[in-house]
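Presented below is the structure to which this report refers.
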Amino acid sequence: MDRFNQTWSCQALQTWLDKYHLPVDYYFIQDLLISGIYLSDYLHYNLVVNPNEYLLHGTSELFSINNELERKTYIPRKTKMILEDRKVNISIIQTLLLEQKNIPSHLSFDVTDPKSGDIKIDIQWKELSLKPIEKLKFEIPSHYSEVVYE
């Protein structure tokens, strides 16, 4: 649901990723939303220690990723992913302490792609809970328009 444009669509995640040429997958998104950092077995890593931060550089034949973590807390703050001529910059603007763990509660994604144009996505959670959801009330407002992707 796009509250800004007052539209909605129902489609598989991969359809959306392909449409916008986003160089990420389900595991990337899951890891980022849960922990704020993406670590892949397919990358070779190099750690740079600076006075205020750790920089964790990961590279493979397909893409590179740079993670910036706070030195004192190890909390991830920024991620930059480069795949050919596409770039994804992710900033963790705010975290929330939930059961002794820092969980990203406000993230900003900036995607640069010469083919499909630039995209900005802002995700902010109002409330986070680890309790199982028993019932989820969800209703699309009647004045929203459906967007159909082909």
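Residue numbers for the sequence shown follow my numbering, beginning at 10 and rising by one.
Where a beta carbon is used, it is the ideal one built from N, C-alpha and C, also for glycine.
Here the structure is a predicted model, which is why all the values come from computation and not from measurement.
- Query: How is the beta strand (DSSP E) around Leu116 delimited, first residue to last?
  - Reply: 110-121 is the span of the beta strand (DSSP E), which, as asked, contains Leu116.
- Item | Inter-residue Cα distance where the pair is Glu155 and Asn59 | Their Cα atoms are separated by approximately 48 Å.
- Task: Look at Ser69 and Leu52 and say whether their C-beta atoms are less than 9 Å apart.
- Result: In this structure, Ser69 lies near Leu52, with their beta-carbon atoms less than 9 Å apart.
- Compare the C-alpha of Gly67 against each of Ile112, Lys140, Leu139, Ile46 and name the closest. Closest by alpha carbon: Ile46.
- Message: Quick test of your reading: Leu223 and Leu107, contact by CB under 8 Å. State the CB separation rounded to the nearest angstrom.
- Response: There is simply no residue 223 to check, as the chain begins at 10 and stops at 159 in what is shown.
- Message: Taking the straight line between their C-alpha atoms, what separation do you get for Asp11 and Asn61?
- Response: If you draw a straight line from the Cα of Asp11 to the Cα of Asn61, it is about 37 Å long.
- So Lys87 and Ile99 are in contact, right, with Cβ under 8 Å, and what is the actual spacing, rounded? In this structure, Lys87 and Ile99 form a Cβ contact; the two beta carbons are roughly 7 Å apart against a cut-off of 8 Å.
- Leaving aside the five residues before and after Phe37 along the sequence, list all residues of the same chain whose C-beta is less than 6 Å from its C-beta, in chain order. Answer for Phe37: Tyr47, listed in chain order.
- Query: How many angstroms separate the CA atom of Leu56 from the CA atom of Pro150?
  - Reply: Between Leu56 and Pro150, the alpha-carbon positions lie close to 48 Å from each other.
- Segment limits, alpha helix (DSSP H) that includes Gln23: DSSP places Gln23 in the uninterrupted alpha helix (DSSP H) bounded by 22-28.
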